Ligand code: SRM
Ligand SMILES: Cc1cc2nc3c(=O)[nH]c(=O)nc-3n(C[C@H](O)[C@H](O)[C@H](O)COP(=O)(O)OP(=O)(O)OC[C@H]3O[C@@H](n4cnc5c(N)ncnc54)[C@H](O)[C@@H]3O)c2cc1C
Ligand code: SF4
Ligand code: FES
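Residue numbers (this note's numbering), protein chains in the order written: chain A, 118 to 234; chain B, 4 to 857.
Laid out in C-alpha cells, this is it:
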C-alpha cells in the first residue's frame with residue numbers, strides 16, 4: 118500500500134457484517150467521507166468517497182470488480198474505474214483519489230487508518 | 004466540359020457520385036430529373052410500406068446537389084435530342100447544350116394490352132408516387148391482384164398482403180419466377196406462398212377487365228374463369244425507356260433498349276446510355292449492380308477524356324452475373340448462374356424435402372469439375388458459398404451433392420472457407436468491392452461491420468453480401484491476430500445470449516456459481532449487471548437479496564436513479580398514465596414533506612427529484628401506503644405503457660386504450676430485460692399515444708389491435724413495424740409475451756429492441772416466423788416463461804422497506820446519521836435544484852461535530 122497516507126491511529130467505523138460482500142459503505146472518519154469496500158469475505162479497502170469526475174460523494178455506491186489484476190470500483194455517475202489499492206483513476210489519472218488503510222480487528226470491527234494532518 | 008444527364012434514378016445518380024468524387028475542374032453537369040425528387044433507393048422501395056419515408060429512401064446525401072458545377076432540375080423531362088446541334092430539348096421548351104450526353108432513363112413497367120387496363124385502381128409498381136397510389140387504393144379495397152409472378156410481382160404481393168388485402172397472384176407462365184426458377188423450385192415456392200394465405204393462379208391469360216360483382220373489377224381469363232378484385236397491380240416485366248434514342252436514331256434493339264459498346268457509348272460517340280435503358284451484347288439488365296458498373300465505366304471514360312493523359316487501360320463492361328438471392332414473403336429463394344441447366348452437357352443434382360419444403364438444385368459441368376448454376380428454395384444458406392464457387396471457378400469436391408444435402412452424421416458439409424477465395428473475388432457486386440479491398444480496410448482499422456461499410460461501401464445497397472462480408476472480416480481479423488469476439492467482458496468468454504442459455508440450461512441462480520463454472524476474476528461493472536438482469540429475467544428473485552445485491556448497478560442497488568449530485572429521483576408507477584385525484588394529492592404531499600422537485604415526465608407520470616439516500620425508504624413507505632408501487636424508472640426493465648384516452652372518452656376511439664395500457668403495464672411491470680422497454684396503446688389510428696415509436700406499440704382497430712414492435716425514440720429514432728394485425732386481446736398478450744421473451748433470450752447487453760431488430764438476420768419476416776407463425780415451435784415455452792415472471796412479481800420497494808437488512812443500507816454514513824454535506828440545493832421557480840459548483844463554494848462547509856466511532 119505504498120500510495121496510502123501515513124497512518125497515525127485507527128478508527129473503528131462498523132462491523133464487517135454491516136458491509137454486504139462485494140459492496141461498499143461510506144464512513145465518516147475525522148470529518149472526511151471514506152468509501153470502505155468489502156471484497157469477498159474478508160478483504161477490505163478504502164478510498165475517498167468524493168468522485169472527482171462528478172463532484173458527488175458517491176464512490177461507496179459503485180460496483181466492485183476486477184480489471185486484469187486490479188481490484189476496482191466503478192463510479193456510479195461517470196463509470197470511471199478507481200484502483201482500490203492505490204486510488205488511481207484508470208481512465209483519467211488527474212481524477213485519482215486517496216487510498217486509506219483498512220483492516221479487520223479480531224472482534225470483527227472494520228478499522229480505517231486515520232491520517233497525519 | 005458540359006455534360007447533360009437525362010434521368011436521376013439509381014444509376015444516373017451513381018454516375019454523379021463517381022464524377023463529383025473525382026473533383027474534375029472544368030466539368031459542368033446538368034441533370035434532368037423527371038420525378039419530383041432526386042434519386043432514391045428503388046431497390047428498397049417496398050420499405051416505404053413499412054414506414055420508411057421518401058427522405059429516408061433518398062440516395063442524395065444532404066448538400067450533394069449544392070456542389071459547384073452540378074445543377075439538378077426536378078420535374079424536368081427531356082423530350083428530344085438534336086444530335087447535330089448537340090442540344091437536349093425539355094418539356095418546358097428549354098434547350099440545353101451538351102458536349103457529352105448520358106441517357107440514364109431506366110425503364111417503365113410493362114402493362115399488357117388488356118382492355119380495361121386503364122380503369123381506376125389499376126396500378127403499377129415503380130415510383131414513390133405509384134406506392135402512394137397503392138396505399139390510397141389499399142385502404143378502400145378488400146381484394147388485390149398482382150399480375151405477374153416474377154420477382155417484383157411477389158414483392159408487390161407481399162405489400163398487398165401486409166395491407167391486409169386478400170391477395171392473388173396471376174401469372175401467365177406455368178410457374179412463379181419463371182426466369183430464375185426451374186419447375187421444381189417454382190412449385191415449391193408456390194406451395195410455400197399459398198401456405199401464407201395468398202392465392203396463386205398460373206397459366207392464366209387475362210382477356211379483359213370489366214365491372215365486377217363482388218368487387219370493383221372482374222378479370223376475365225382465356226380459360227373462361229374469372230376473378231373479382233378491388234385493385235390490380237401490373238408487374239409483368241419492364242420495358243426500357245428508349246423513346247428519346249429511337250427518335251434521335253441512336254440505335255435500339257429489336258425488343259427495345261439503347262445499344263451500347265463496352266464503354267457504354269451509343270453509335271454517337273458523344274452519347275452514352277447506362278442502367279436499365281441500355282442494351283449490351285443483346286442483353287438488358289434489370290438489376291442495379293450491372294447499372295452501377297456501367298456508371299463507373301462512363302465516369303472513368305469521361306474522366307480520361309477530360310484529363311487527356313495516358314492512364315491505365317480504361318475499364319470495360321463485360322456483362323454481369325444475374326444470380327440473385329431474396330427473401331420473398333419470408334421464403335428464401337436463390338438462383339445462381341445457369342439455373343436451368345442450359346449449358347450443353349451439363350449435369351444436375353436435385354434435393355427436395357416436401358415436409359420441410361426445401362428444394363435445391365445444382366448444375367455442374369459435364370466433367371463434374373465446375374459449378375455452373377443452382378436453385379435454392381426454402382433454405383438458401385449455401386448461396387454465398389455456391390456463388391463464389393461458380394464465379395471463381397473453384398474446383399468442386401468429389402461428391403458435389405453434399406453441398407446441398409442436409410448434413411448427416413459423418414459427412415461434414417464441404418463448406419467454402421472464405422480463405423479459399425482469391426483476393427480479386429468480387430464480394431459486393433453492387434459496389435464492386437473485392438475480397439482484397441475488404442481485407443485492406445480491415446487492416447486499416449475497420450473492424451466492425453459498420454466501419455467496414457463506411458470504409459468500402461460494401462453491403463450498403465442490396466445487402467445480400469453482408470453475411471459474406473462479415474465472414475471475410477472475421478477471417479481477416481483472425482489472420483491478423485486480432486481478437487474477434489462478442490465476449491461480454493474479460494471475465495466471461497461468451498456473449499450475453501450464450502450466458503442466458505447457460506443460466507437457463509444449467510439452472511444457475513447465482514453469479515458466483517456462473518463465474519466459477521464459466522468465468523474468471525471477480526467480475527466487473529459490465530458483466531455483473533448483465534448477469535443480474537439475466538438471472539432476474541429467468542428466475543425473478545428479489546434483486547436486493549444478499550446474493551444479488553452486489554451485482555446491481557447503482558440505480559438498481561438503491562432502486563432509484565442517481566442524479567448528478569448523488570441524490571435520487573423517485574418515480575411511482577402510474578400504469579397507463581392514469582392517476583386518481585387522491586393519488587396525485589398523496590404524491591404532492593410526499594413531495595412537499597421531503598422538499599422534492601416535481602415534474603411530469605415524458606412517460607406520463609410524475610418524477611420527484613432531490614431525495615437523499617437515507618430519505619428513500621420513508622418516502623417509499625408513504626407512497627406505498629397511498630397505494631403506489633415502484634415505477635422501475637431505474638431498471639433495464641419495463642418503464643411505462645403510454646396511453647391515450649381511447650374509446651372511453653374520445654369520440655374517435657374504437658377500443659379501450661387506457662384499460663389495455665393498464666393491463667399491459669401491470670402484466671409486464673418488473674420484467675428485467677437487456678435494455679429498457681417502453682410501450683404505448685392508442686385508441687385509433689390517429690395514434691395520440693405515439694405507439695409506433697415504442698418497443699411495443701398497440702393500436703386499436705375496428706376488429707381488435709394491431710401490434711407494432713421495435714420502435715425507438717431517443718438517440719436514433721426508428722419506426723416500429725407491424726408484427727401482427729387485428730388481434731383479439733388474449734392473442735395480443737400471448738404475442739407480446741413471445742416477442743419479449745424472444746428478445747430477452749437473444750439480444751445483446753444494452754441492445755434495445757430497435758437495434759436488436761436491425762441486426763436480426765432474416766429481419767421482420769424471421770421475427771414473424773418465430774413469434775406469429777411459430778416455425779421454431781418455441782411459442783409455448785416463451786409464453787410459459789413469461790407467465791412464470793408475471794406470477795412471481797413483487798413490488799421491489801415494498802420488499803426493500805419491509806426487510807430490515809435491506810433497509811439499513813439506505814444510509815449515507817455507516818457510522819453516523821449525518822447527511823451528505825456535499826449536497827446543496829438552491830431555489831428556482833419555487834422548487835429546489837442542485838447548487839452549481841460556484842454556488843456551493845460560496846456556502847460555508849458544515850463540518851459535523853461528532854463521529855460515532857466505537
Ligand atoms: C425523467 C425523464 C425525462 C423527463 O423529465 O421527462 C427521463 C430521464 C432520463 N432518461 Fe430518458 N427520460 C424520460 C423519458 C424518455 C423518453 C420519452 C418516452 O419514454 O416516451 C425517451 C425517448 C423514447 C425512447 O426511449 O425510445 C427517453 C430516452 C432516453 C435515452 C435514449 C434511449 C435510446 O434508445 O436512444 C436514455 C439513455 C439510455 O437509456 O441509455 C435515457 C436515459 C434517461 C436517464 C435514466 C439518464 C440517466 O441515466 O440519468 C434519465 C434519468 C431519469 C431519472 O432520474 O428519473 N432516456 N427518455 C423521462 C422519464 C419517463 C418515465 O416516466 O420513466
Ligand atoms: C420495387 C422494386 C424492387 C427492386 N428490387 C431490386 C433488387 O432487389 N435488386 C436489384 O438489383 N434491383 C432491383 N430493382 C431494380 C432497380 O431498382 C433498377 O435496376 C434500378 O433502379 C435501375 O436504375 P436506372 O437508373 O437505370 O433506372 P431508374 O432508377 O428507373 O431511373 C431512371 C430515371 O430516369 C427518369 N427519366 C426517364 N426518362 C426521362 C426523361 N425523358 N427526362 C427526365 N428523366 C427521365 C425516370 O423518371 C427515373 O427517375 C427493383 C426495382 C423495383 C421497382
Ligand atoms: S388515438 Fe384516437 S382514441 Fe386516442 S385520443 Fe387520439 S383520436 Fe382519441
Ligand atoms: S452485393 Fe449488393 S450491397 Fe453488396
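Ideal Cβ placement from N, Cα and C applies to all residues, glycine included. Owing to the predicted nature of the structure, the values given are computational and were not obtained by experimental measurement.
Rounded to whole angstroms, what's the CA-CA distance from residue 48 of chain B to residue 203 of chain B? Just pull it up for me.
-> When rounded, the distance between both Cα atoms is 23 Å.
Measuring only between beta-carbons, confirm whether residue 442 of chain B sits less than 7 Å from chain A.
-> No, because no Cβ of chain A sits closer than 7 Å to the Cβ of residue 442 of chain B.
Are the CB atoms of residue 711 of chain B and residue 692 of chain B nearer to each other than 7 Å?
-> It is not a contact, given that the beta carbons lie outside the stated cut-off.
Hey, how far is the Cα of residue 166 of chain A from the Cα of residue 150 of chain A?
-> Cα to Cα, the separation comes out at about 5 Å.
Runs of beta strand (DSSP E) wholly within the segment 121-178 of chain A (minimum 3 residues, chain order) = 124-132, 140-146, 149-156 and 160-165, all fully within the segment 121-178 of chain A.
Can you tell me which of the three DSSP states residue 856 of chain B falls into?
-> The pLDDT assigned to residue 856 of chain B is 33, lower than 50, so where the model puts this residue is not dependable; a value taken from the coordinates is nonetheless given after this. Correct three-state label for residue 856 of chain B: coil.
Is there at least one non-hydrogen atom of ligand 2 closer than 6 Å to the beta-carbon of residue 778 of chain B?
-> Look at residue 778 of chain B: its beta carbon is at least 6 Å from all of the heavy atoms in ligand 2.
With a threshold of 16 other CB atoms inside 10 Å of the CB of residue 135 of chain A, please say whether the residue is buried or exposed.
-> Buried.
Does the segment 614-632 of chain B touch the segment 642-660 of chain B, meaning 3 or more C-beta pairs lie closer than 8 Å?
-> Taking 8 Å as the limit for Cβ pairs, the verdict is that the segment 614-632 of chain B does not touch the segment 642-660 of chain B.
Would you say residue 713 of chain B touches ligand 2, meaning its beta carbon is less than 6 Å from a heavy atom?
-> Relative to ligand 2, the beta carbon of residue 713 of chain B is positioned no closer than 6 Å to any heavy atom.
For residue 140 of chain A, which residues in chain B fall below 7 Å Cβ to Cβ?
-> Simply 552 and 553.
Which ranges does the alpha helix (DSSP H) cover as unbroken runs of at least 4 residues, wholly within the segment 511-548 of chain B, from first to last along the chain?
-> 514-521 and 530-542, all fully within the segment 511-548 of chain B.
Keeping to the same chain, check which residues put their C-beta closer than 6 Å to that of residue 376 of chain B; ignore five residues upstream and five downstream.
-> These residues qualify, in order along the chain: 339, 340, 341, 342 and 366.
When every heavy atom of ligand 2 is checked, does at least one fall within less than 6 Å of the C-beta of residue 234 of chain B?
-> For residue 234 of chain B, the shortest C-beta to heavy atom distance toward ligand 2 is 6 Å or greater.
Under 8 Å by beta carbon: chain A residues contacting residue 818 of chain B | Near residue 818 of chain B (Cβ distances below 8 Å), the residues of chain A are 130, 131, 144 and 145.
Beta-carbon neighbours of residue 183 of chain A, restricted to chain B and to distances below 8 Å | Going along chain B in sequence order, the residues near residue 183 of chain A (Cβ under 8 Å) are 494, 524, 525, 526 and 527.
Going by beta carbon distance, what residues of the same chain come within less than 7 Å of residue 456 of chain B, once the five residues before and after it are set aside?
-> Taken in chain order, the residues that qualify are 462 and 463.
Provide the residue span of the alpha helix (DSSP H) that contains residue 591 of chain B, from first to last.
-> For residue 591 of chain B, the enclosing alpha helix (DSSP H) has its first and last residue at 584-597.
Which residues, in chain order, does the segment 166-179 of chain A contribute to contact with chain B at a C-beta distance below 9 Å?
-> Answer set for the segment 166-179 of chain A: 166, 167, 168, 171, 172, 173, 174, 175, 177, 178 and 179.
Under the three-state reduction of DSSP, which class applies to residue 496 of chain B: helix, strand or coil?
-> In the three-state scheme derived from DSSP, where H, G and I count as helix and E and B as strand, residue 496 of chain B is classed as coil.
At a cut of 8 Å, does the segment 546-560 of chain B reach the segment 158-165 of chain A through at least three beta carbon pairs?
-> No contact exists between the segment 546-560 of chain B and the segment 158-165 of chain A.
Distance, residue 173 of chain B Cα to residue 415 of chain B Cα = The pLDDT assigned to residue 415 of chain B is 43, lower than 50, so where the model puts this residue is not dependable; a value taken from the coordinates is nonetheless given after this. So the alpha carbons of these two residues sit roughly 42 Å apart.
Going along chain A, which residues have a C-beta under 9 Å from residue 565 of chain B?
-> Simply 173, 175, 178, 193 and 194.
Helix, strand or coil: how does DSSP classify residue 225 of chain A here?
-> Coil.
Identify which residue in B:257, B:408 and B:83 has its Cα closest to the Cα of residue 246 of chain B.
-> Selection B:257, B:408 and B:83 evaluated against residue 246 of chain B yields B:83 as nearest (Cα-Cα).
Whole-angstrom C-beta distance between residue 568 of chain B and residue 837 of chain B, which should lie under 8 Å | In this structure, residue 837 of chain B and residue 568 of chain B form a Cβ contact; the two beta carbons are roughly 4 Å apart against a cut-off of 8 Å.
Measure the Cβ-Cβ separation of residue 225 of chain B and residue 151 of chain B and say whether it is below 7 Å.
-> Their beta carbons are not under 7 Å apart, which means residue 225 of chain B does not touch residue 151 of chain B by this criterion.
Could you please give the first and the last residue of the uninterrupted beta strand (DSSP E) stretch that includes residue 169 of chain B?
-> Its beta strand (DSSP E) spans residues 169-173.
Check the Cβ-Cβ distances between residue 135 of chain A and every residue of chain B, and say whether any is below 7 Å.
-> Yes, residue 135 of chain A counts as interfacial toward chain B.
Limits of the unbroken alpha helix (DSSP H) element including residue 289 of chain B = Secondary structure note for residue 289 of chain B: it is in no alpha helix (DSSP H), with a DSSP letter that is neither H nor E.
Looking at the structure shown, is residue 384 of chain B part of a helix, part of a strand, or coil, going by DSSP?
-> Correct three-state label for residue 384 of chain B: coil.
Residue 214 of chain A (DSSP reduced to helix, strand or coil) | DSSP places residue 214 of chain A outside both helix and strand once states are collapsed to three, so it counts as coil.
For residue 64 of chain B, does the count of other Cβ atoms within 10 angstroms reach 16, so buried, or fall short, so exposed?
-> Exposed, because fewer than 16 other Cβ atoms sit within 10 Å of the Cβ of residue 64 of chain B.
Between which two residues does the beta strand (DSSP E) containing residue 453 of chain B stretch?
-> Counted as a single uninterrupted DSSP element, the stretch harbouring residue 453 of chain B is not any beta strand (DSSP E) but the alpha helix (DSSP H) occupying residues 452-459.
Do you know how far the Cα of residue 85 of chain B is from the Cα of residue 250 of chain B?
-> Spanning the two alpha carbons is a distance of roughly 10 Å.
In angstroms, rounded to a whole number, what distance separates the CA positions of residue 206 of chain B and residue 181 of chain B?
-> Spanning the two alpha carbons is a distance of roughly 12 Å.
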